[in-house]
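J.: Going line by line, the protein sequences match chains X and F. Count the first sequence with UniProt numbering and you get residues 1 to 172, in order. Count the second sequence with UniProt numbering and you get residues 1 to 172, in order. Every residue gets a Cβ at the ideal spot worked out from N, C-alpha and C, and that includes glycine. Here it is: the structure, laid out below.
Number of protein chains: 2
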Amino acid sequence: MHSEGVASRSADQRDSARESRNGTPQLDAVSLAIIQQLQEDGRRPYAAIGKAVGLSEAAVRQRVQKLLDQGVMQIVAVTDPLTVGFRRQAMIGINVEGDVESIADALTAMSEVEYVVMTAGSFDILAEAVCEDDDHLLDVINRRIRALPGVRSTESFVYLKLKKQTYMWGTR
Amino acid sequence: MHSEGVASRSADQRDSARESRNGTPQLDAVSLAIIQQLQEDGRRPYAAIGKAVGLSEAAVRQRVQKLLDQGVMQIVAVTDPLTVGFRRQAMIGINVEGDVESIADALTAMSEVEYVVMTAGSFDILAEAVCEDDDHLLDVINRRIRALPGVRSTESFVYLKLKKQTYMWGTR
DNA sequence: GTCGACTGCTGCGGATTTCGCAGCGGTGAT
DNA sequence: ATCACCGCTGCGAAATCCGCAGCAGTCGAC
């Protein structure tokens, strides 16, 4: 039950999530609207969403389940790390020699590293670390990240104050 | 089958969320466990959470409502922006002369800017911009951010590939 | 063209969950 | 001791979730 119909459909019916070349599904307007509803409130009832986007409760439920299965979105609780006991966060800019992606994978495997992105510019990788205190952060940066073979240099930006953190993509 | 004796509330009954000096609530182990459950699945039923943390369904519901009201957490859908039609993202490092916080506030007001943090290090502010295409990104950086009075310089890191994006704080 | 397979939507009951409220016990202040 | 407050429990009613059967539209094959 995991069919991947690779076809181009023009009109209406099974166009909610078409696969594109790179494997990331293409979303139609209705799925986008559903996501938008759930970005406002992740627990909003399916029937209410259906009324908002013009679909039945069951249809919304099936679409949401599919979006979750495909990994397009996830419905989760997000918090301010400070209130859950993580007092030190930092963005770490990393320069790499050799294979950037393998370094990025190594960072991804670290539980303290919550965000990893490969970039163009004067850093090859940006990674966000969430730590309990300074010692913990120091350990992550100096003993774990800089120890990775291929890491040429790092620069750290310790967070002083988080001003904005939104999850309203597509709501604009 | 995770039934744990997390709730030894013999000691203290009304300690689920006490206010500390700076106004951010202090969370006890049970609330943390609830958040953890909702980080795994934001739609998990209250009864299931209650079974996991050792509370009744109604108690979990009241706690969750309180956590939401206090702004400690929010339950939302999160997506990979690429799949929802935003093809260009960038982290922007900003140097400021004068009041850093007022610049940060101005950035916060921009809908394209999804993340703003004041930092120590060679940037005063890091901001993440989510845009539809290169033109849009260029407009945000050159015409809007650099136009802010007090912005001395900016440096951009265009995202090539998002490798990790987690919301599992406290799950470790 | 018809046929068949596939996909997505609807509508429907039954099971489950959510919701509101009254009551209870522990804590701290008066 | 008394009182007010707060969090937890338990319970019935309402709303929601869930699975399933049926229908309609598209696509590919013949």
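Using a beta-carbon distance cut-off of less than 9 Å, what residues from the region 77-89 of chain X approach chain F?
T.: Per Cβ criterion, the list reads 77, 78, 79, 80, 81, 82, 83, 84, 85, 86 and 89.
J.: Taking Cβ positions, are residue 113 (chain F) and residue 107 (chain F) nearer each other than 8 Å?
T.: Yes; because the gap between Cβ atoms is below 8 Å, this pair is in contact.
J.: For residue 60 (chain F) versus residue 49 (chain F), is the C-beta distance shorter than 8 Å?
T.: Yes, they are a contact pair.
J.: Identify whether residue 72 (chain F) lies in helix, strand or coil by the three-state DSSP scheme.
T.: Coil, per DSSP.
J.: At a Cβ threshold of 8 Å, is residue 66 (chain F) touching chain X?
T.: Cβ-Cβ to chain X under 8 Å: no for residue 66 (chain F).
J.: By how many angstroms is the C-alpha of residue 119 (chain F) removed from the C-alpha of residue 160 (chain X)?
T.: Distance between the alpha carbons of residue 160 (chain X) and residue 119 (chain F): 5 Å.
J.: Of all the options F:80, F:67 and F:89, which has the alpha carbon lying nearest to the alpha carbon of residue 67 (chain X)?
T.: Taking only the C-alpha atoms, the option nearest residue 67 (chain X) is F:80.
J.: Quick one: grab the DSSP three-state call for residue 42 (chain X).
T.: Residue 42 (chain X): coil per DSSP, three-state reduction.
J.: What I want to know is whether the C-beta of residue 60 (chain X) ends up closer than 7 Å to one or more non-hydrogen atoms of the ligand GDP.
T.: Among the components modelled here there is no ligand, and therefore nothing to report on the ligand GDP.
J.: Which of helix, strand or coil does DSSP assign to residue 93 (chain F)?
T.: Strand.
J.: Below 8 Å on the Cβ atoms is my guess for residue 103 (chain X) versus residue 150 (chain X); work out the distance and round it to an integer in Å.
T.: About 5 Å separates the two Cβ atoms, so the contact holds.
J.: Taking residue 63 (chain X) as the reference, give the member of X:78, X:38, X:77 and X:86 with the closest Cα.
T.: Considering only alpha carbons, the answer is X:38.
J.: Would you mind giving the Cβ-Cβ distance between residue 35 (chain F) and residue 53 (chain F), rounded to the nearest angstrom? I have them listed as a contact below 8 Å.
T.: Not quite, the Cβ-Cβ distance comes to about 10 Å (not below 8 Å), so this is no contact.
J.: Which word fits residue 89 (chain F), buried or exposed, when buried means at least 16 other C-beta atoms lie within 10 angstroms of its C-beta?
T.: So residue 89 (chain F) counts as buried.
J.: Helix, strand or coil: how does DSSP classify residue 125 (chain X) here?
T.: In the structure shown, residue 125 (chain X) sits in a strand (DSSP, three-state: E or B).
J.: If you drop the 5 nearest sequence neighbours on each side, which residues of the same chain put their C-beta closer than 7 Å to that of residue 21 (chain F)?
T.: Note that residue 21 (chain F) has pLDDT 49, beneath the 50 cutoff, so the model's placement of it is unreliable and the number below is only indicative. Nothing meets the Cβ criterion.
J.: Classify residue 160 (chain X) as helix, strand or coil using the three-state DSSP reduction.
T.: Strand, per DSSP.
J.: Taking the straight line between their C-alpha atoms, what separation do you get for residue 138 (chain X) and residue 127 (chain X)?
T.: Computed Cα separation, rounded: 14 Å.
J.: Whole-angstrom Cβ separation of residue 41 (chain X) and residue 87 (chain X), contact assumed at under 8 Å?
T.: Between residue 87 (chain X) and residue 41 (chain X) the Cβ distance is about 29 Å, and since that is not below 8 Å, they are no contact.
J.: Alpha carbon to alpha carbon, how far is residue 93 (chain F) from residue 51 (chain F)?
T.: Straight-line Cα distance between these residues: approximately 45 Å.
J.: Taking 8 Å as the threshold (beta carbon to beta carbon), is residue 50 (chain F) in contact with chain X?
T.: By this cut-off, residue 50 (chain F) is not an interface position.
J.: Measuring only between beta-carbons, confirm whether residue 117 (chain X) sits less than 8 Å from chain F.
T.: It does: the Cβ of residue 117 (chain X) has a partner Cβ on chain F nearer than 8 Å.
J.: Do residue 96 (chain X) and residue 152 (chain X) count as a contact pair if the criterion is CB distance below 8 Å?
T.: Going by C-beta atoms, residue 152 (chain X) is nearer than 8 Å to residue 96 (chain X).
J.: Examine chain F for any beta-carbon lying closer than 8 Å to the beta-carbon of residue 156 (chain X), and answer yes or no.
T.: Judged by the 8 Å Cβ criterion, residue 156 (chain X) is in contact with chain F.
J.: Does any residue of chain X have a CB that is nearer than 8 Å to the CB of residue 6 (chain F)?
T.: Residue confidence for residue 6 (chain F) is low, a pLDDT of 39 falling below 50, so the modelled location carries little weight and cannot support an answer.
J.: With DSSP as the reference, label residue 147 (chain F) as helix, strand or coil.
T.: Three-state result, residue 147 (chain F): coil.
J.: At a CB distance below 8 Å, what residues from the region 32-60 of chain X approach chain F? Give them in sequence order.
T.: If the cut-off is 8 Å between Cβ atoms, the region 32-60 of chain X has 32, 35, 38, 39, 40, 41, 42 and 43 near chain F.
J.: Would residue 58 (chain X) be called buried (16 or more neighbouring beta carbons within 10 Å of its own) or exposed?
T.: By the neighbour-count rule (16 or more Cβ atoms within 10 Å), residue 58 (chain X) is not buried but exposed.
J.: What is the residue span of the alpha helix (DSSP H) that residue 100 (chain X) lies within?
T.: That run of the alpha helix (DSSP H) goes 100-108.
J.: I'd like to know if residue 162 (chain F) contacts chain X, where contact means its C-beta is closer than 8 Å to some C-beta of that chain.
T.: With 8 Å as the cut-off, residue 162 (chain F) counts as an interface residue toward chain X.
J.: Is it right to say residue 111 (chain F) is buried, meaning 16 or more other beta carbons lie within 10 angstroms of its own, or is it exposed?
T.: Exposed: under 16 other Cβ atoms inside 10 Å.
J.: Taking the straight line between their C-alpha atoms, what separation do you get for residue 73 (chain X) and residue 82 (chain F)?
T.: Near 11 Å, if we compare the C-alpha coordinates of residue 82 (chain F) and residue 73 (chain X).
J.: Helix, strand or coil: which one does DSSP assign to residue 87 (chain F)?
T.: The answer is coil: DSSP assigns residue 87 (chain F) none of H, G, I, E or B.
J.: Should residue 27 (chain X) be flagged as near chain F, meaning a C-beta pair shorter than 8 Å?
T.: Yes, its Cβ sits closer than 8 Å to a Cβ of chain F.
J.: Which one of F:44, F:155, F:78 and F:166 has the shortest CA to CA distance from residue 123 (chain F)?
T.: For residue 123 (chain F), the nearest C-alpha among the options comes from F:155.
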